[in-house]
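A.B. asks: If you scroll down you'll find the structure; I have some questions about it.
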Amino acid sequence: MAAYLIRRLWQMIPTLLGVVLLVFFLFKYFGSDPAVVLGGLNASPETIESIREQLGLNKPVWEQLWIFIKQIVSFDWGRSWATRESIGHLFATRMPATLTVMIPILLMQVLLAIPFALAVAYVRGSLTDRAVMMLSTVAVSISLLVYVILAQYFFAFRLGWFPVQGWSDSTWTNLKQYAPLPVLTVVMVALAPEIRLFRSFFLDELGHDYVRTARAKGMGERTVLFKHVLRNAMMPILTNVSVALPGVFVGSFLIEVFFSIPGLGREILLAVNRADYPVIQAFSIYLAFLTMVVNLITDMLYKLVDPRVVLK
Numbered sequence: 191m192a193a194y195l196i197r198r199l200w201q202m203i204p205t206l207l208g209v210v211l212l213v214f215f216l217f218k219y220f221g222s223d224p225a226v227v228l229g230g231l232n233a234s235p236e237t238i239e240s241i242r243e244q245l246g247l248n249k250p251v252w253e254q255l256w257i258f259i260k261q262i263v264s265f266d267w268g269r270s271w272a273t274r275e276s277i278g279h280l281f282a283t284r285m286p287a288t289l290t291v292m293i294p295i296l297l298m299q300v301l302l303a304i305p306f307a308l309a310v311a312y313v314r315g316s317l318t319d320r321a322v323m324m325l326s327t328v329a330v331s332i333s334l335l336v337y338v339i340l341a342q343y344f345f346a347f348r349l350g351w352f353p354v355q356g357w358s359d360s361t362w363t364n365l366k367q368y369a370p371l372p373v374l375t376v377v378m379v380a381l382a383p384e385i386r387l388f389r390s391f392f393l394d395e396l397g398h399d400y401v402r403t404a405r406a407k408g409m410g411e412r413t414v415l416f417k418h419v420l421r422n423a424m425m426p427i428l429t430n431v432s433v434a435l436p437g438v439f440v441g442s443f444l445i446e447v448f449f450s451i452p453g454l455g456r457e458i459l460l461a462v463n464r465a466d467y468p469v470i471q472a473f474s475i476y477l478a479f480l481t482m483v484v485n486l487i488t489d490m491l492y493k494l495v496d497p498r499v500v501l502k
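Following this line, the structure appears as structure tokens:
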């Protein structure tokens, strides 16, 4: 396991380097000129050239790339062009709000989808199975914005259970008062496709020979499902969760805007609107690194779930 871990970490270096080069050249040659963006519409050529010199944009490309790599290694991205706030401080202060919402969403949608999907697979072909699949199909077809509007209207405005929007400096207050409504809203949206997908995983396992052998030995259907099918279906479920995890953070953009949560997602949207390249670049690199780390952890979990898996 240690040798595999070291080898995978070593393999992540060229992958991350490729991402760094891609991000650098995309912003360098396909984005707007930062000096023109910062200077504004009425900036003189002298002002634009002065801004370009302050940002180091008049240096050779290789030197700009080296500065970019040093920023990544040192975790020092300088300051936001729009707010002049340190990017490191910006990430550190916005990330807790994002995690306060995103971690419960991820845990709830997985922990609820697995038993629901297993229960539906247990009664496959029945009226309950068809009804759940029909409701899931309808739920998937509805936009997230509709869920947000309905949740804010009924649970916040009509019933008064939660505030429509807002956030506080207290983590406990956020978890108790402000986070439940966005968390429940996103879970309602994500649960339908997760149930459909996990159900297909369980049904696929039910068609294998080992299930027929277990039944032939006299095992009950419930034992077969919980002891054999669930364990073997965890492999594709883990894969699905690992693929979806970075997307959960990307999906936080809309949720944080709709519910006025001062998290990292809303800050990235503001950075895009302001053409705040340092913030966008830092987020792009960190998201790529997070994706690679999640994939590595998932591969190691494969071994934990099924000892027969050989890590190479």
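The sequence shown lines up with residues 191 to 502 when you count with our numbering. C-beta atoms are modelled at their ideal positions from N, C-alpha and C, and glycine is treated no differently. Keep in mind it's a predicted model, so treat the numbers as computed, not measured.
1. Just to confirm, are F443 and A311 a CB contact at a threshold of 7 Å?
2. By the three-class DSSP mapping on this structure, what secondary structure does S390 have?
3. If I measure Cβ to Cβ from V322 and keep anything under 6 Å in the same chain, skipping five residues before and after, which residues do I get?
4. Can you give the Cα-Cα distance for Q261 and V251, rounded to whole angstroms?
5. If we ignore side chains and look at the alpha-carbon of each, how far apart do T273 and A465 end up?
6. Could you pull the DSSP bridge partners for R421 from this structure?
7. Report, in whole angstroms, the separation of the C-beta atoms of I304 and F388, which I expect to be a contact under 8 Å.
8. State the Cα-Cα distance for the pair E253 and F448, rounded to the nearest angstrom.
9. Which runs of the alpha helix (DSSP H), 4 residues or longer, sit entirely within the stretch 242 to 289?
10. Could you check the C-alpha separation between A434 and S360 for me, to the nearest Å?
11. Measure the C-alpha to C-alpha separation of F220 and S234 and round it to an integer number of angstroms.
12. The alpha helix (DSSP H) spanning M324 covers which residue range?
13. For A225 and P286, I'd like the C-alpha separation in whole angstroms.
14. Tell me which residues share the same chain as T290 and place their Cβ nearer than 6 Å to its Cβ, disregarding the 5 neighbours each side in the sequence.
15. Suppose contacts are defined by Cβ-Cβ distances below 7 Å. Is I385 in contact with A282 by that definition?
16. Taking only three categories from DSSP, how would you classify M292?
17. To the nearest angstrom, how far is it from the Cα of L371 to the Cα of A380?
18. Please go through the stretch 454 to 502 and give each complete alpha helix (DSSP H) segment of 4 or more residues, from N-terminal end onward.
19. How many Å lie between V401 and L494 at the Cα?
20. Would the stretch 470 to 482 count as touching the stretch 418 to 431 if we require 3 or more Cβ pairs under 8 Å?
21. Would you call M324 buried or exposed, if buried means 16 or more other Cβ atoms sit within 10 Å of its Cβ?
22. Could you check where the alpha helix (DSSP H) with I203 kicks off and where it finishes?
23. The ligand SAM heavy atoms versus the CB of I257: any closer than 6 Å?
24. Between L491 and the rest of its own chain, which residues show a CB-CB distance below 8 Å, the 5 nearest in sequence each way excluded?
25. Leaving out five residues before and five after V376 in sequence, what residues of the same chain have Cβ atoms less than 7 Å from its Cβ?
26. Would you kindly report the start and end of the unbroken alpha helix (DSSP H) that includes V401?
C.D. replies: Well, looking at it:
1. no
2. helix
3. V310
4. 15 Å
5. 12 Å
6. R421 pairs with nothing; no bridge assigned.
7. 6 Å
8. 41 Å
9. 251 to 264
10. 29 Å
11. 23 Å
12. L317 to V330
13. 32 Å
14. N364 and A369
15. no
16. helix
17. 14 Å
18. 454 to 464 and 467 to 495
19. 22 Å
20. no
21. exposed
22. A192 to Y219
23. Ligands in the displayed structure: none, and consequently the ligand SAM is not present.
24. L428
25. I295 and I445
26. D399 to A406
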